[in-house]
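Numbering (my numbering), first residue to last: 6 to 443.
Accompanying notes for the structure given below.
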RNA sequence: GUGGCCUUAGCUCAAUCGGCAGAGCAUCGGAUUGUGGCUCCGAAGGUUACGGGUUCAAGCCCCGUAGGCCACCCCA
């Protein structure tokens, strides 16, 4: 085992994995842009308080998983930093900081990048993971709720993760949630004797969480627990009904899940999560999101509604791999070079480098074999690299010519150097029009 | 943060009862001095994750640490 390793819970994305992620990132940006969401980038770290206030002091994400950073000398209040555990708080901080309330509302933003949580690693759960995030800030909905959810659904389908299930809930707002939570606590208190110890402790800190407990002893108690959907105030109930109507109109299928409570404090009203069909462990969640009508205000802005989602690209890639999909070559990132320039005189790297430089200037994807190996080895490496052509520089160079060998067809011809780039482009285009036999 | 399983070459894995650390693939070279994927031959590659203990002797048994995975907690 090497002395130095990637830190626990992180991993190197080797070219094949990097290409898959790059593919997803590009797909995400293209899709969000088509929906009118503009790219934004925020720092990978923020003042810790942005997350403590934004995400919620009592959440697992902040209490247990915040990746705190020792800054410089670490001797001032302003130097309490943390790596971002999720993108929404930072984006909302930027919205406030840059006065985006003066822009036409809502402000539609998207971001793709790494997030950090100091959690115990597991497959599909990393300390550094990639997320595709979309936010619409400044629109109370309900139509934009449906737009956002449909966008998330579209991305998952375009990515090709297969059948997914969308779980939907409304967890109320400042007007009705407190009463509901109080009623819920009362319900659990009346069953206090039957509660498992761990659940009894959570009752005090995060009562909503008891709802989705997997403890078998909780099944009976939860069955009779009040449901937030039955306790929504008129405004929330109307909002939720309208969200559903919009989703129905768009043909987005979902399942009501009254136990769905999101883990971040900022959520209000609409909450949703996506799972691969048949897999509903939390570690299988592909993504989720919801409305956060109080968050901007918490971060120092005027009261402003917002909604968004995050999709875990690592998990999307995992789901793809599980179906034997993905891993294909990425547009703009060809896995294989079109041409490899090899030389009969292994020592003459000048000629090879000069030729390949001209091919690149002409827009071709090409590399030269700059090793000192004999021709057969250079050819072998070119073929195994998946190159379409080998450009062989030998005695013909004296008369300004090279040999172009089509490694797929096995044919070859002599070409004048000034014609080389053209000839390769022509042959490549011709190849594309021949039905692939591979 | 809790509990469990695992870790041998770059990768996938062997190694009988505790008794000389191996194979395939990949890499490099040769067979073939100007022509590739096949074939054959060879080389290189190891502190058996790390540290300690037991033993004449440890990849194998014991303890600790790190990392991976699984189930929780919980998120992506």
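A virtual CB, placed ideally from N, CA and C, is assigned to each residue, including glycine.
On a predicted model such as this, the values are computed, not experimentally measured, just so you know.
* Do you know offhand how far residue 430's Cα is from residue 85's? -> Using only the alpha carbons, I get a separation of about 56 Å.
* Asked: In terms of DSSP beta bridges, what is residue 384 paired with?
  -> Paired residues: none, contrary to the question.
* Between which two residues does the beta strand (DSSP E) containing residue 174 stretch? -> It spans 169–175 - the beta strand (DSSP E) in which residue 174 sits, taken as one unbroken run.
* Which residue or residues does DSSP assign as beta-bridge partners of residue 44? -> According to DSSP, which records beta bridges pairwise, residue 44 is partnered with 115.
* To which residues of the same chain is residue 171 closer than 8 Å at the C-beta, ignoring the five residues directly before and after it? -> Same-chain partners within the cutoff: 154, 158, 257, 258, 259, 260, 277, 278 and 279.
* **Rounded straight-line distance, which links the Cα of residue 63 to that of residue 204** => When rounded, the distance between both Cα atoms is 16 Å.
* Asked: Considering only the beta carbon of each residue, do residue 139 and residue 42 sit closer than 7 Å?
  -> Yes, they are a contact pair.
* For my contact list, residue 306 and residue 101 are in at a C-beta cut-off of 8 Å; report their separation, rounded to the angstrom. => Indeed, because the Cβ distance is near 4 Å, the residues count as touching under 8 Å.
* Asked: Thinking C-alpha only, which one of 61, 22, 228 and 146 is nearest residue 211?
  -> Ranking the options by Cα distance to residue 211, first place goes to 61.
* **For residue 34, the nearest candidate out of 114, 386, 169 and 51 (CA to CA)** => If we check each option's Cα against that of residue 34, 114 comes out closest.
* Asked: Secondary structure at residue 320, three-state DSSP: helix, strand or coil?
  -> Three-state DSSP puts residue 320 in a helix.
* Asked: CB-CB under 8 Å to residue 220, same chain, minus the five flanking residues each way: which ones, in chain order?
  -> The answer, listed in chain order, is 201, 203 and 204.
* Cutoff 7 Å; reference residue 17; Cβ partners in own chain excluding five residues on either side -> Residues of the same chain with a CB within less than 7 Å of the CB of residue 17, apart from the 5 flanking positions on each side, are 11 in chain order.
* Figure out for me which residue from 208, 310 and 325 has the closest Cα to the Cα of residue 25. => Of 208, 310 and 325, the residue nearest in Cα terms is 325.
* Asked: What does residue 51 pair with, by DSSP beta-bridge criteria?
  -> Residue pairing of residue 51 in beta bridges, as defined by DSSP: 87.
* Asked: Skipping 5 residues on each side, what residues in its chain have a beta carbon closer than 6 Å to that of residue 402?
  -> Closer than 6 Å at Cβ, skipping near neighbours: no residue.
* To do: Compute the minimum distance between the beta carbon of residue 302 and the heavy atoms of the ligand MN, and state whether it is under 6 Å.
  => As for the ligand MN, it is missing from this structure, which has no ligand bound.
* Does DSSP classify residue 22 as helix, strand or coil? -> Correct three-state label for residue 22: helix.
* What are the start and end residues of the beta strand (DSSP E) that includes residue 266? -> Counting along the chain, no beta strand (DSSP E) covers residue 266, and no H or E run does either.
* To do: Would you decide whether residue 69 is buried or exposed? Buried here means 16 or more other CB atoms lie within 10 Å of its CB.
  => Exposed.
* Check residue 419 in the structure and name its three-state DSSP category. => Correct three-state label for residue 419: strand.
* With C-beta atoms as the reference, is residue 169 less than 7 Å away from residue 161? -> In contact: residue 169 and residue 161 (Cβ atoms closer than 7 Å).
* Identify every residue that forms a DSSP beta bridge with residue 410. => Residue pairing by DSSP places residue 410 opposite 395 and 417 in a beta bridge.
* Could you check the C-alpha separation between residue 150 and residue 141 for me, to the nearest Å? => Cα to Cα, residue 150 sits roughly 9 Å from residue 141.
* Within the same chain, show all residues whose beta-carbon is closer than 8 Å to that of residue 72, passing over the 5 residues directly before and after it, in chain order. => Short of 8 Å from the beta carbon of residue 72, and not among the five residues preceding or following it, lie these beta carbons of its own chain, in chain order: 87, 88, 90, 121, 122, 123 and 132.
* To do: Starting from residue 373, follow its DSSP beta bridges and name the residues at the other end.
  => BP columns for residue 373 point to 346.
* To do: Could you name the residues that DSSP lists as bridge partners for residue 276?
  => By DSSP's assignment, residue 276 forms a beta bridge with 174 and 295.
* Other residues of its chain near residue 323: CB distance less than 8 Å, five sequence neighbours each side excluded -> Around residue 323: 128 and 129.
* Looking at C-beta atoms only, is the number of pairs between the stretch 419–426 and the stretch 382–393 that lie closer than 8 Å three or more? -> Judged by Cβ distances under 8 Å, the stretch 419–426 makes no contact with the stretch 382–393, as fewer than three pairs qualify.
* Quick one: measure Cβ to Cβ for residue 108 and residue 44, integer angstroms, because I've assumed they're closer than 8 Å. => With a Cβ gap of about 15 Å, residue 108 and residue 44 do not count as contacting.
* Residues bridged to residue 199 (per DSSP) -> Looking at the DSSP output, residue 199 bridges to nothing.
* Asked: With 16 other CB atoms within 10 Å as the buried threshold, where does residue 334 fall?
  -> Low per-residue confidence applies at residue 334: pLDDT is 47, beneath 50, and the placement is therefore not dependable enough to give any value.
* To do: Starting from residue 138, trace the alpha helix (DSSP H) both ways and give me its first and last residue.
  => Here residue 138 belongs to no alpha helix (DSSP H); instead the beta strand (DSSP E) covers 133–142.
* Could you spell out the range, first to last residue, of the beta strand (DSSP E) harbouring residue 257? => It is not in any beta strand (DSSP E) - residue 257 carries neither H nor E in the DSSP assignment.
* In terms of DSSP beta bridges, what is residue 315 paired with? -> 138 and 293, per the DSSP bridge assignment.
* Which first and last residues belong to the alpha helix (DSSP H) in which residue 160 is found? -> From DSSP, the alpha helix (DSSP H) with residue 160 extends over 148–164.
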